[in-house]
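Here the structure is laid out as structure tokens; the discussion comes afterwards.
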Amino acid sequence: MPDAQHTGVEDGVGLTALMVAAARAIETHRPDALASDTYAEHFVRAAEASAAWPVRPAEVPDGDANPLWGRLGRYFGLRTRVLDDFLIRSAHAGVRQVVLLGAGLDMRAFRLDWPPGQVVYEIDRDGVLAFKRDVLDGLALIPAATRCPIAADLRDTWVRSLVSAGFDLTAPTAWLAEGLLLYLPSAAERRLIETVDRLSADGSALAFEVKLGTESPEVRANPVYAATRQQIGVDLLALFDREPRPDSVGSLRARGWSTAIHTPFDFARQHGRGPLPEPNDALASNRWVFATKRGTRERSTSDHRAATENDRHSQGAVPRGEPTGAAVSRASGRRA
Ligand SMILES: C[S@@+](CC[C@H](N)C(=O)[O-])C[C@H]1O[C@@H](n2cnc3c(N)ncnc32)[C@H](O)[C@@H]1O
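Once you know that position 276 of the sequence shown is 276 in the UniProt record's numbering, the rest is easy, because the numbers rise by one and skip nothing.
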């Protein structure tokens, strides 16, 4: 959980934004890249803490065998691609406002091919956004959408800042919480989901990443955690919130959202790249959830049947590593 004293990008959970940026930089230069973020390396180079981290596959010690920049890096590359596709699909469906919760060094406002009129709100802590602003000032880039950074702690109130920045309460929104909820206390996650629901007009969509439950000692001993600690000084196990996780999927469904839950492996198989299950896998409990607000109309019998079917896949009931089958969303095939 982020500490009030550590709100910058170079310490605490802020460093994870640099870690993901480095992984995106490396992914960009792979011959079989799933996503492209040519800006990411500028952030990594600009921060003292990360200036010496790799930003090219050739710079990674042990290459793909490196547990951090190899397998976990590929996970971040896959996640970037899948969530790029989610946002672009929403935009093609007519959703003109995106809110990135815990945006970090996300450059989607610049690198995705948005339709005219698109607005991207980026919420993160002030220290992270100040660093991002300083680096961007030096690059003099023009975003492909209207970009609105909003400094806020997502454990506190942030709605007024979002609305003051121009967020339209009557229009549908595509929300994204990528690599955020793992670090939030349960009560903050619960409040966040309630708030997203409250601010979401019909037709809104939300994608987020969660971990199911607490990892066993065997999983916590997975080399990826030691590699991340030793190579870049990020202790993920200490940063993950330890409280029992709330049932955010159940909470959304109770509020009328439809949900699809996937393992990252579903998408690795779909793309033919990315991590596949391994023993004592630190990714085995990761789930990517896609939710859509269906509105308040009366449900038909077939909706009820679909909802009951979905019950079997609700959070906590998904067998680890088992694909959720028909609900797998199709990637648009578009590359940034
Ligand atoms: C792993 S990074 C992910 C960044 C970005 N979503 C991405 O995937 O590149 C986690 C981000 O969540 C932000 N974060 C964590 N706790 C937060 C909080 N309470 N309020 C706002 N942002 C928070 C961190 O500052 C960091 O930028």
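For every residue, glycine included, the Cβ atom is placed at its ideal position computed from N, Cα and C.
Since we're looking at a predicted model, the values are computed, not measured.
Asked                                                                                                                                                                          : Found
Is the beta carbon of Val-98 less than 9 Å from the beta carbon of Ser-90?                                                                                                     : yes
Would you decide whether Gln-315 is buried or exposed? Buried here means 16 or more other CB atoms lie within 10 Å of its CB.                                                  : Annotation note: pLDDT 31 at Gln-315 (below 50); position unreliable, coordinate value reported separately. Counting Cβ neighbours within 10 Å, Gln-315 comes out buried, since at least 16 surround it.
Counting only runs of 3+ residues fully inside the segment 25-103, write out the beta strand (DSSP E) ranges in chain order.                                                   : 97-101
Among residues of its own chain, excluding the 5 on either side of Leu-112, which ones have a beta-carbon nearer than 7 Å to its beta-carbon?                                  : Asp-84, Leu-87, Ile-88, Ala-144, Ala-336
Quick check on Val-210: does DSSP put it in helix, strand or coil?                                                                                                             : strand
Do you know how far the Cα of Ser-164 is from the Cα of Val-60?                                                                                                                : 43 Å
For Gln-118, count neighbouring Cβ atoms within 10 angstroms of its own Cβ and tell me buried if that reaches 16, exposed if not.                                              : buried
Between which residues of its own chain and Glu-41 is the CB-CB distance below 6 Å, once the five residues before and five after are set aside?                                : Ala-25, Val-55
Where does Ala-187 sit, in a helix, a strand or coil, going by DSSP?                                                                                                           : helix
Measuring only the C-alpha atoms, how far is Glu-298 from Gly-256?                                                                                                             : Here Glu-298 scores only 37 on pLDDT, less than 50, and its place in the model should not be relied on; the value that follows carries that caveat. Taking the straight line from one Cα to the other gives about 10 Å.
If contact is defined by three or more beta carbon pairs under 8 Å, each pair taking one atom from either stretch, is the segment 279-292 in contact with the segment 207-227? : yes
Return the residue from the list Gly-272, Phe-43, Trp-69 that minimises the CA-CA distance to Thr-228.                                                                         : Trp-69
Helix, strand or coil for Pro-244, going by three-state DSSP, please let me know.                                                                                              : coil
Could you check which residue in Pro-279, Arg-269, Arg-294 has the C-alpha nearest to that of Arg-74?                                                                          : Arg-269
Is there contact here, the segment 184-191 with the segment 139-159, by at least three beta-carbon pairs under 8 Å?                                                            : yes
Looking only at its own chain, which residues have a Cβ that is under 8 Å from the Cβ of Ser-216, when we skip the five neighbours before and after it?                        : Asn-280
Examine the Cβ distances between the segment 217-226 and the segment 162-178 and report whether three or more of them are shorter than 8 Å.                                    : no
Classify Leu-15 as helix, strand or coil using the three-state DSSP reduction.                                                                                                 : helix
Would Arg-125 and Ala-151 qualify as a contact pair, given that the criterion is a beta-carbon distance under 9 Å?                                                             : yes
Please say whether Val-224 and Arg-71 have beta carbons closer to each other than 9 Å?                                                                                         : yes
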